[in-house]
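Student:
Protein chains: 4
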Amino acid sequence: MTMRFFSDNAAPVCDAVMAALAKANHADDAYDGDALSTGLNHLFSELFEKEVEALWVTTGTAANALALAAICPSHNAIVCHRDAHIQNDECGAPEFFTAGAKLLLAEGEGAKLSPTTVNALLDATRTDVHMTQPAALSITQASEYGCVYTADEVAALGALCRERGLRFHMDGARFANAVVHLGCRPADISWRAGVDVLSFGFVKNGGLSAEALIFFDPALAVATRYRRKRSGHLMSKGRYQAAQLVAMVEDDLWLKNAAAANDGAARLGQAAASRLLHPVEANEVFLRLSAAEAKALRDQGFLFHDWGIGEARFVVSWNQPEAEIAALAEAFTRL
Amino acid sequence: MTMRFFSDNAAPVCDAVMAALAKANHADDAYDGDALSTGLNHLFSELFEKEVEALWVTTGTAANALALAAICPSHNAIVCHRDAHIQNDECGAPEFFTAGAKLLLAEGEGAKLSPTTVNALLDATRTDVHMTQPAALSITQASEYGCVYTADEVAALGALCRERGLRFHMDGARFANAVVHLGCRPADISWRAGVDVLSFGFVKNGGLSAEALIFFDPALAVATRYRRKRSGHLMSKGRYQAAQLVAMVEDDLWLKNAAAANDGAARLGQAAASRLLHPVEANEVFLRLSAAEAKALRDQGFLFHDWGIGEARFVVSWNQPEAEIAALAEAFTRL
Amino acid sequence: MTMRFFSDNAAPVCDAVMAALAKANHADDAYDGDALSTGLNHLFSELFEKEVEALWVTTGTAANALALAAICPSHNAIVCHRDAHIQNDECGAPEFFTAGAKLLLAEGEGAKLSPTTVNALLDATRTDVHMTQPAALSITQASEYGCVYTADEVAALGALCRERGLRFHMDGARFANAVVHLGCRPADISWRAGVDVLSFGFVKNGGLSAEALIFFDPALAVATRYRRKRSGHLMSKGRYQAAQLVAMVEDDLWLKNAAAANDGAARLGQAAASRLLHPVEANEVFLRLSAAEAKALRDQGFLFHDWGIGEARFVVSWNQPEAEIAALAEAFTRL
Amino acid sequence: MTMRFFSDNAAPVCDAVMAALAKANHADDAYDGDALSTGLNHLFSELFEKEVEALWVTTGTAANALALAAICPSHNAIVCHRDAHIQNDECGAPEFFTAGAKLLLAEGEGAKLSPTTVNALLDATRTDVHMTQPAALSITQASEYGCVYTADEVAALGALCRERGLRFHMDGARFANAVVHLGCRPADISWRAGVDVLSFGFVKNGGLSAEALIFFDPALAVATRYRRKRSGHLMSKGRYQAAQLVAMVEDDLWLKNAAAANDGAARLGQAAASRLLHPVEANEVFLRLSAAEAKALRDQGFLFHDWGIGEARFVVSWNQPEAEIAALAEAFTRL
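Residue numbers (this note's numbering), protein chains in the order written: chain A, 16 to 350; chain B, 16 to 350; chain C, 16 to 350; chain D, 16 to 350.
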């Protein structure tokens, strides 16, 4: 028997989403002209307590890259963390969608940026035409190491952006996990903290193929609708995209799924407290783990990724069975 | 009561595909590492009677643009028909994915190219460095006016491509309809006729979000796997993509659906024989129709697009009800 | 003995420009920080009777492509004439600099656009996200067939641009020849007629390597300074670029050189009046010429390009010797 | 009186180059069809003792970016030093010309890479489709800190490139200074050491606007001729470009100029030996220098750039007067 802690991308799709697809399975207008798609602005404006433009896309990479293309001209640069997904895991999607903008890499614990590290990078950037000028900042919430920015931390970076003339993007592949962890409103760690555009992830959280791209400045969305088509991301039958988002937002399903995943990770974190590389604030657990220990766990059927030498990552999915979490927690304790 | 002849994109998803999604709904490897995705090369190699590389993508635009990027360097040009989808309906996706290659527009009846019209364009192109040099030819099967290239017609263009050093792409958004119309094997109008890469459409034919990108020269697929990721088209949960393709290919569902649509269109074509702008060879019917006539049809509940002044397009979907076809045929007769 | 009527690009550099290079040959700040470069805004603001931003570049292609990148986002399109230099003779430079914008080709006699032909194209462009939306218009003054737009003709297109939300670019590779032909002020056929950005050519007119890129809306120039660097066009020793422009503008040298070339062409045009394909309004003469006649001329030592079948182009350079013009005029008469 | 040690870009053009321009000042074929341009392959093949393709370009940035575009597809990455000119001083030109390839930054003393630092970076790069795969290595000779790679050091990196499947580019903005320093043949530190393409700088060394782009694998040059045009770098009157290169290569002028600059820098280095941040191996001197000391030097008329806090850069030009070098050396001693 194997127990998968590889990735939340490997998890199945939750029932409500499958049911929504079935319910949407009738003729309607093509592309994003259907009733569900045209309702998304309203749906997310309510959720964020502000007029927003909301577009479905199929992947987090597409969401991030379209967002960055909306806020960073091709001759400019995006500041992000050295360990950011947009730098290391998207095969150059930001460079592709922006037509060659540069990513400038800043530092920070737990893959989180701070005004100190961002300012250090900005201050080292000459303003002449020979050097690519930063136009945007991008952070990941929760971070690539499962750490969550507090509302104040986001707001501090938002203030920095206003001050230094940068647009502010949040890669929210695990935005749900962050909101649950903080117990805040979605607005608190997005537009109220200065975020201009959010990649709001649903696929890791139980969706099938729908992410939401949320523009808090609706003007930024105009060109994106063309770029979405131009990049091949305007689905022919968009209603099956919109249906997923509606199902996830209705009845707070997105929060429930994230809470389940966070809880599982918290239990794992407690069981492995002495080995933690980062605090467990979302649904990921990063551990010190020797090769022998890793082998021992794998021999017991636990599947997970090494994360550098002597380190490992365990991801808890929205539907991770109780028994698997209990088993892994116990295995941690026994190590 | 309304009867939709707008677009096959507006049609629902067929039951077998929905069932396949449900069946795929369990944990498996992420991206394209799952069992279904890794089986696609075999599935399509059997279908095409040749070793191919087969990648799922989510839209025809993505399939076309990735295909063109694989065969046309950015400083070169793609020859296509003036009315080609890649020219008029993809918001510049080919230009985006190729980083600025040019589309050179050739002529031809029914949106079909011929060696004569392609050679005329090529012969008018100087070979110095000031003029963009053609590197690829792209045709649409069935064409944008619902016309089908015979195997010989494709082969003649394939021969031209070999002779003039062009790579050959086929936009097969309605490839199924063409195969059904011709009663040929898929190989006959693709690689045996010189096609290097095929955008094999399934969404218009009853799929939800999966198209297949088929490389008859497997070497061309290598960079495309990176470009698919880079363009945000590597789905996190690819198994739901692959499952659709498997369901469509198994038991010849793709042929059955296309046959149903073609039959419906044929009946409409017969009923409107005197008004046809193009022969009806796939699932689209293009008619001369005055504004008054168009209004009359709409008043009866038929929904369709005008297609220029005094002309209209009717598309028959894979699941178009018998009764709707009969009603529209009768309405045509009465006009 | 051979007499070259191939191209004004083949002509030598005029003495004043060579002298200016020699005079600039001392140490000064690098790039565009030198005294000559920093004086260009003033120089051209005086010439155009308006505050402008003026940047040197080395080629007309660079000027055009940088100008178009300043006014056309990558997901949009540029309307130009089917015979435009930017379409046929720059190997896709506009597509490269704009990162994949599309050129939409309009018609018109003598390679000149008119509101009628431009509106026809615009009216045939749907405004949905599937079709690339025009953002700019580009015309060539004098046109690729040596025809000159009058101030009223430019202004009519300028008005159309304002009305339809397009930015307006002028490829002025032979702007000097147009100004001389019209006897107008530079402003009359540029910003006063609605032009936003002008590629002001000097190389064909006696310069060595310096063209001027003139922004009548200074805000458009900001990003261009970065793009000029990014495209490798910020010369290390820019003072030798600026020196050429200063020399050409001082004492109206640009007008004198263009007048000489225009006069020569006019004489040739008169001598070949019955064969003219287009009115001779600048320094180019397009003729009907049979293969036998072309051979006869070449046998007499005249060098020129065929321009399609049975047609030929003769270009008169700023320094074309009197004797050569007289000889060719006589040869035309004798044909 | 001011004495400029700002940059070799600020120096004048040497007499032989000015004379060559004057000598080239007659009509000839346009673009690169003239006798001088067509002779470049031969000229540089002799110099490098190997069949090469040699293209003139106008700037080092253009040379580098065209070279990198020839060896790195857009979905791949270029490994270079953290302090490389292509990373920090070209406003994203490599990203622009490659259409979004990534620069991966490796470490090394004196802005020099070594197999150790390059392998460390490569070993940390996963080979899946999520991570941009390195396709090229680029080094600067002499480096950004005026350090010279020996032939063995270049060859070690060349071997690494062959082993790891990378193409190898050398930014030789100060290639001449490196050759002089090593007393080697040009071939020894280029193709014989595995370099595929060289940006061979002449402008800093006394030229006006001509750099040479040397392809040791001639096949790589084919697309570059189109890309040079497409990027606006095909000069209309290319003979004035080629003439500069011919003048610099004839009679070893490039070596003489570089030797003069190197000698001056060596004298300065000796005078400031205790303050050197890097060994002086080319024509640049990097020093520890307090703000007070910098002010003292500036008060004496010496012009130079700060290079970080407490550090400064002095560049000696090919024509730097003896007296200025002596004066600065003495000033260093007095500090």
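Don't be surprised by glycine CBs; every beta carbon is placed ideally from N, CA and C.
From ILE154(C), ASN334(C), ALA274(C), pick the residue whose C-alpha is nearest to that of LEU175(C); which is it?
Tutor: Reading the third sequence from its first residue, position 160 is the one you call residue 175(C). Looking at the Cα atoms, ILE154(C) is the closest of the given residues.
Student: Leaving out five residues on either side along the sequence, give the residues of the same chain with a beta carbon under 7 Å from the beta carbon of TRP206(A).
Tutor: As a position in the first sequence, residue 206(A) is number 191, starting the count at 1. Taken in chain order, the residues that qualify are PHE63, LYS65, PHE231.
Student: From PHE20(B) to GLU124(A), what does the alpha carbon distance come to, in whole angstroms?
Tutor: For the purposes of this step, residue 20(B) is taken as residue 5 along the second sequence, with counting starting at 1. For the purposes of this step, residue 124(A) is taken as residue 109 along the first sequence, with counting starting at 1. Looking at the two C-alpha atoms, the distance is approximately 57 Å.
Student: Can you give the beta carbon distance from VAL169(C) to ALA274(C), rounded, assuming they're within the 8 Å contact cut?
Tutor: Here the question's residue 169(C) lines up with position 154 in the third sequence. Here the question's residue 274(C) lines up with position 259 in the third sequence. Wrong, their Cβ atoms sit about 21 Å apart, outside the cutoff.
Student: Just to make sure I have the definition right: I need the residues of chain F whose C-beta is within less than 8 Å of the C-beta of LYS244(A). Which are they?
Tutor: This model lacks chain F altogether; the protein chains it does include are A, B, C and D.
Student: Taking only beta-carbon positions, decide if SER224(B) is within less than 8 Å of chain D.
Tutor: Taking the second sequence and counting its residues from 1, the one referred to as residue 224(B) is at position 209. For SER224(B), the answer is no, since every Cβ of chain D falls outside 8 Å of its Cβ.
Student: Would GLY107(A) and HIS96(D) be called neighbours here (beta carbons separated by less than 8 Å)?
Tutor: For the purposes of this step, residue 107(A) is taken as residue 92 along the first sequence, with counting starting at 1. For the purposes of this step, residue 96(D) is taken as residue 81 along the fourth sequence, with counting starting at 1. No, Cβ-Cβ distance for GLY107(A) and HIS96(D) is not below 8 Å.
Student: Name, please, each residue of chain C whose Cβ falls closer than 8 Å to the Cβ of HIS145(B).
Tutor: For this step, residue 145(B) is matched to residue 130 along the second sequence. Result: ASN103, ASP104, GLU105, CYS106.
Student: Determine, using beta carbons only, whether GLY325(D) comes closer than 8 Å to chain A.
Tutor: Residue mapping note: residue 325(D) aligns to position 310 of the fourth sequence, counting from 1. False, the Cβ-Cβ gap to chain A never drops below 8 Å.
Student: Keeping to the same chain, check which residues put their C-beta closer than 6 Å to that of TYR46(C); ignore five residues upstream and five downstream.
Tutor: Taking the first residue of the third sequence as 1, we reach residue 46(C) at position 31. Result list for TYR46(C): LEU249, GLY253, in chain order.
Student: Exposed or buried, VAL330(C), counting other C-beta atoms within 10 Å across all chains shown (16 or more means buried)?
Tutor: Along the third sequence, one-based indexing puts residue 330(C) at 315. The residue is buried, with at least 16 neighbouring Cβ atoms inside 10 Å.
Student: Under three-state DSSP, which class holds LYS65(C)?
Tutor: The sequence position of residue 65(C) within the third sequence is 50, counting from 1. Of the three classes helix, strand and coil, the one that applies to LYS65(C) here is coil, per DSSP.
Student: Could you tell me the boundaries of the beta strand (DSSP E) in which GLY187(A) lies?
Tutor: The residue labelled residue 187(A) in the question sits at position 172 within the first sequence. Run containing GLY187(A): 182-187, per the beta strand (DSSP E) assignment.
Student: Between the Cα of HIS184(D) and the Cα atoms of GLY209(D), VAL295(D), GLN315(D), which residue gives the shortest distance?
Tutor: Counting from one through the fourth sequence, the residue named residue 184(D) turns up at place 169. Out of GLY209(D), VAL295(D), GLN315(D), GLY209(D) has the C-alpha closest to the C-alpha of HIS184(D).
Student: Out of MET263(D), GLY247(D), ALA280(D), point me to the one whose CA is closest to ALA31(D)'s CA.
Tutor: As a working mapping, residue 31(D) is identified with position 16 in the fourth sequence. Closest option to ALA31(D), Cα to Cα, is MET263(D).
Student: Is the segment 130-149 of chain D in contact with the segment 100-115 of chain D, if contact means three or more CB pairs nearer than 8 Å?
Tutor: With the cut-off at 8 Å, the segment 130-149 of chain D and the segment 100-115 of chain D do not touch.
Student: Just curious, the beta strand (DSSP E) that ILE86(A) is in, first and last residue?
Tutor: The residue you call residue 86(A) lines up with position 71 of the first sequence. Unbroken run through ILE86(A) is the alpha helix (DSSP H), 75-86; no beta strand (DSSP E).
Student: Candidates GLN156(B), GLY161(B), TYR160(B): which alpha carbon is nearest LEU172(B)'s?
Tutor: Locating residue 172(B) in the second sequence gives position 157, where the first residue counts as 1. Checked all of GLN156(B), GLY161(B), TYR160(B); the closest Cα to LEU172(B) is GLN156(B).
Student: Within 8 Å of any Cβ in chain C, is that where the Cβ of MET33(D) sits?
Tutor: The sequence position of residue 33(D) within the fourth sequence is 18, counting from 1. Closer than 8 Å to some Cβ of chain C, the Cβ of MET33(D) qualifies, so yes.
Student: Given this structure, state the Cα-to-Cα distance separating PHE215(C) from ARG303(D), to the nearest angstrom.
Tutor: Here the question's residue 215(C) lines up with position 200 in the third sequence. Here the question's residue 303(D) lines up with position 288 in the fourth sequence. Roughly 47 Å separates the two Cα atoms.
Student: For LEU81(A) and SER224(A), what's the separation of their Cα atoms in angstroms?
Tutor: On the first sequence, residue 81(A) is found 66 positions in, with the first residue counted as 1. On the first sequence, residue 224(A) is found 209 positions in, with the first residue counted as 1. Their Cα atoms are separated by approximately 16 Å.
Student: Beta-carbon within less than 6 Å of GLY279(D)'s beta-carbon, same chain only, minus the 5 sequence neighbours each way: which residues are those?
Tutor: To locate residue 279(D), count along the fourth sequence from 1; it is residue 264. Closer than 6 Å at the Cβ level, and outside the excluded window around GLY279(D), lie VAL331, GLN335, ILE340.
Student: Using a C-beta to C-beta distance shorter than 8 Å, which residues of chain C count as neighbours of GLN256(A)?
Tutor: Locating residue 256(A) in the first sequence gives position 241, counting from the first residue. Those within 8 Å of GLN256(A) in chain C number zero; the least Cβ separation is about 15 Å.
Student: Would you list the one or two residues that DSSP bridges to ALA151(C)?
Tutor: Here residue 151(C) corresponds to residue number 136 of the third sequence, with the count starting at 1. Partner(s): ILE93(C), ARG182(C).
Student: If we define contact as Cβ-Cβ less than 8 Å, is GLY253(D) a contact residue for chain A?
Tutor: In the fourth sequence, counting from the first residue as 1, residue 253(D) sits at position 238. No, GLY253(D) does not count as interfacial toward chain A.
Student: If we define contact as Cβ-Cβ less than 8 Å, is HIS90(A) a contact residue for chain D?
Tutor: Looking up residue 90(A) in the first sequence gives position 75. Yes, contact with chain D.
Student: Cβ closer than 8 Å: which chain A residues qualify as neighbours of ASP43(B)?
Tutor: Walking along the second sequence from the start, residue 43(B) turns up at place 28. Chain A residues near ASP43(B): ALA25.
Student: Short check: CB of MET16(A) to CB of GLY222(A), under 8 Å?
Tutor: Translated into the one-based positions of the first sequence, residue 16(A) becomes position 1. Translated into the one-based positions of the first sequence, residue 222(A) becomes position 207. For MET16(A) and GLY222(A), no; Cβs fall outside 8 Å.
Student: Once DSSP output is grouped into helix, strand and coil, what is the label at ASP203(C)?
Tutor: Here residue 203(C) refers to the residue found at position 188 of the third sequence. Of the three classes helix, strand and coil, the one that applies to ASP203(C) here is helix, per DSSP.
Student: Counting pairs of Cβ atoms below 8 Å between the segment 42-61 of chain B and the segment 36-53 of chain C, do you hit three or more?
Tutor: No: the two stretches stay apart, fewer than three of their Cβ pairs being nearer than 8 Å.
Student: List, in order along the chain, the chain D residues whose C-beta lies closer than 8 Å to that of SER22(C)?
Tutor: The residue labelled residue 22(C) in the question sits at position 7 within the third sequence. Going along chain D in sequence order, the residues near SER22(C) (Cβ under 8 Å) are ALA45.
Student: Along chain A, in chain order, which residues have C-beta atoms closer than 8 Å to that of GLN148(C)?
Tutor: The residue labelled residue 148(C) in the question sits at position 133 within the third sequence. By Cβ distance, chain A contributes TYR241.
Student: In whole angstroms, what is the alpha-carbon distance linking PRO27(B) and ALA276(B)?
Tutor: Counting from one through the second sequence, the residue named residue 27(B) turns up at place 12. Counting from one through the second sequence, the residue named residue 276(B) turns up at place 261. Rounded to the nearest angstrom, the two C-alpha atoms are 13 Å apart.
Student: For GLN256(C), which residues of its own chain have a beta-carbon under 6 Å away from its beta-carbon, when the five flanking residues on both sides are left out?
Tutor: Counting from one through the third sequence, the residue named residue 256(C) turns up at place 241. Cβ within range, chain order: TRP71, ALA225, MET250.
Student: Using the C-alpha atoms, what's the distance from LEU51(B) back to VAL261(B)?
Tutor: Along the second sequence, one-based indexing puts residue 261(B) at 246. Along the second sequence, one-based indexing puts residue 51(B) at 36. Roughly 8 Å separates the two Cα atoms.
Student: In angstroms, rounded to a whole number, what distance separates the CA positions of VAL163(D) and LEU136(B)?
Tutor: As a first step, residue 163(D) must be located in the fourth sequence, where it is residue number 148. As a first step, residue 136(B) must be located in the second sequence, where it is residue number 121. If I take the Cα positions, the gap works out to 52 Å.
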